[in-house]
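Please read the structure below before turning to the comments.
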Amino acid sequence: RDAFGWKSPADYRFPELRSLSGAIIVLSLVLYPYVYLTARASFMRQGAAQIEVARTLGTSLASALWRIALPLARPGIAVGLSLAMMECLNDIGAVEFFGVRTLSVGIYATWLGKGSLTGAAQLAVIMVLFASALIILERSGRKMERADTHAGKNAPLQGVRLTGAKAMLALAGCGLPVALGFVLPASVLLGFAIERGWLVRADAYAKAAFNSITVAALAAIIILALGLFVAYAQKLSRSRAVAAAIRLITAGYAIPGAVLGIGVLVPLAAFDNALDALMRKHFSMSTGLILTGSVAGLLFAYVARFLAIGLGSLEAGLNRITPNLTAAARTLGRGPFATLVEIDLPLLRPAILSAALLVFVEVMKELPATLILRPFNFETLATLVYAQASLDQLEETAFAALTIVASGIVPIILLSRMMGRGFRIRPAQFARS
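Counting the sequence shown from 1 gives a position; our numbering is that position plus 478.
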């Protein structure tokens with residue numbers, strides 16, 4: 479308007495950002511790393527042999543990419559796509575801000591807006607069906623991924639140095655998603671923080687940051703303890719029952735946060751009400767809401783949802799420990815617990831650190847389950863940003879939003895360095911951060 483002298487929005491046509499298409503564009507810019515990381519890992523495993531054979535038969539490089547490299551990478555792409563769709567299904571803050579009514583938004587509005595737990599549970603069942611379909615897609619993608627796991631033994635593909643216009647186009651193509659999905663929004667938030675930082679209530683921000691760090695640290699500690707127990711049990715026992723139990727307890731990550739919140743709220747509220755009625759009847763005293771009115775219910779939901787992330791990193795670390803070390807310790811008279819403490823735990827430090835960082839980041843930015851299960855007057859950074867953005871107080875969200883971004887960037891840098899030193903993390907787990 480300033481550049482062309484327009485006085486009002488009626489003087490020109492501009493796409494409506496708060497719409498379904500606007501939400502699709504924003505979520506695509508945010509969630510593309512899921513597909514990028516899994517597809518990149520698949521391409522890196524292929525090596526150069528297949529492409530070189532195709533080129534000797536007269537196939538162009540573009541045709542070899544389309545007919546050979548892309549079909550081999552299809553399982554990894556399917557895994558990344560299913561993960562991105564799970565995150566999209568779980569989202570509640572962005573879609574509501576853009577005015578899009580999704581099942582997650584409907585569950586939250588039905589429960590807290592209309593006070594209908596039954597209606598929210600019915601919507602949650604529908605979301606479970608969608609999540610189950612995505613789980614099946616992701617599992618089938620992982621099964622197909624075995625087809626190209628041995629292809630990476632040949633020589634890797636040699637890079638091509640681009641110059642001139644091709645180099646500029648490649649740079650623009652690779653940099654555009656990063657610029658639009660991270661640099662631009664982070665710059666806007668930073669500008670808000672610098673120009674209008676005085677609008678932020680320091681006490682509310684400090685309290686929300688303290689709550690976020692506290693629950694994230696507690697959840698990480700609990701998940702590490704449970705993850706070590708489950709991962710070591712799987713190592714000691716190869717029975718199908720243990721494997722089935724592990725699949726069951728790690729399925730929580732695929733369940734959207736709003737669904738998990740309702741699923742946790744119903745039994746915990748029933749327990750609180752039954753205990754309160756029992757205490758009133760026999761002791762003439764009220765216990766109140768012990769679980770649903772405290773952080774305990776919130777931590778339970780975090781553990782159920784993010785145990786898969788911590789367990790995956792710990793399993794990857796245990797698989798890298800040669801069985802000869804464990805066998806040597808057992809022949810020297812060490813029991814399973816002593817072997818874990820003296821041999822496995824020191825070697826598992828990188829895996830433990832990666833698991834703790836990944837869980838910490840996920841809890842810091844978790845919104846749907848936190849909105850449903852948080853105690854009264856309990857704000858985290860995610861809920862604080864959500865509440866202020868709902869009121870169009872975008873400037874006041876800057877500090878809290880930047881804190882969430884920083885809490886994710888630092889672990890990613892640390893994990894990237896660990897991966898560069900030889901400690902590998904599954905691409906699907908790394909993409910979640």
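Backbone N, C-alpha and C fix where the C-beta goes; we use that ideal spot for every residue, glycine too. Computed from a predicted model, the values in this text were never measured in an experiment.
Burial of K843 is indicated by the presence of at least 16 other C-beta atoms within 10 angstroms of its C-beta. Bounds of the alpha helix (DSSP H) holding R552 are 548 to 568.
Straight-line measurement puts the Cα of L507 at about 54 angstroms from the Cα of T809. Taking I699 as reference, the option from S499, W589, I727, Y780 with the minimal CA-CA separation is Y780. The beta carbon of L796 sits closer than 6 angstroms to the beta carbons of A709, K713 from its chain, once the five residues preceding and following it are set aside; these are given in chain order. Bounds of the alpha helix (DSSP H) holding A698 are 680 to 714. Look at M605 here: in three-state DSSP terms it is helix. C-alpha of R758 to C-alpha of Y683: approximately 39 angstroms in a straight line.
Separation of L567 and G536 (C-alpha to C-alpha, rounded to the nearest whole angstrom) is 44 angstroms.
Between G558 and S520, the C-beta gap is not smaller than 7 angstroms, which leaves the two residues out of contact. Straight-line measurement puts the Cα of S791 at about 19 angstroms from the Cα of I887.
A distance below 7 angstroms between beta-carbons, with the five flanking residues on each side excluded, links T728 to the following residues of its chain, in chain order: L785, A786, L789. Annotation for W484: Y490 place their beta carbon closer than 6 angstroms to its own, counting only its chain and skipping 5 residues before and after. Under the 10 Å beta carbon count, W544 is surrounded by fewer than 16 other beta carbons and is classified as exposed.
Taken through DSSP and simplified to helix, strand or coil, V578 comes out as coil.
Residue burial annotation: F815 is exposed, with fewer than 16 other C-beta atoms found within 10 angstroms of its C-beta. DSSP, read as helix, strand or coil, puts V638 in coil. Taking C-beta separations shorter than 7 angstroms and ignoring five residues to either side along the sequence, the partners of V839 in its chain run S885, G886, P889, S911, following chain order. Here S506 carries a helix assignment [DSSP, helix/strand/coil].
Only residues of its own chain outside the window of five on either side were considered, and among them F576 have a CB closer than 8 angstroms to the CB of L495, listed in chain order.
In the structure shown, F492 adopts coil according to DSSP, grouped into three states. For G813 and S690, the gap between their C-alpha atoms comes out near 39 angstroms. DSSP places D480 outside any alpha helix (DSSP H), giving it a letter other than H or E.
At the C-beta level, P734 and M605 come within 7 angstroms of one another. Between R783 and L845, the gap from beta carbon to beta carbon reaches 7 angstroms or more. Secondary structure at M646: helix, using DSSP grouped into helix, strand and coil.
When the alpha-carbon of I740 is set against those of A876, T588, F492, E857, the nearest one is in T588.
Linking L831 to I799 through their CA atoms gives a straight-line distance of about 16 angstroms. Fewer than three beta-carbon pairs drawn from the stretch 756 to 772 and the stretch 868 to 886 are found closer than 8 angstroms, and the two stretches are therefore not classed as touching. M522 has its alpha-carbon roughly 11 angstroms from the corresponding atom of L550.
Less than 7 angstroms divides the Cβ of L561 from the Cβ of Y512. Between R552 and A542 a beta carbon distance of about 15 angstroms is seen, past the 8 angstroms cut, so the two are scored as non-contacting. Put simply, of N751, A722, V863, R479 the residue whose alpha carbon is nearest the alpha carbon of R679 is V863.
For V531, the enclosing alpha helix (DSSP H) has its first and last residue at 527 to 534.
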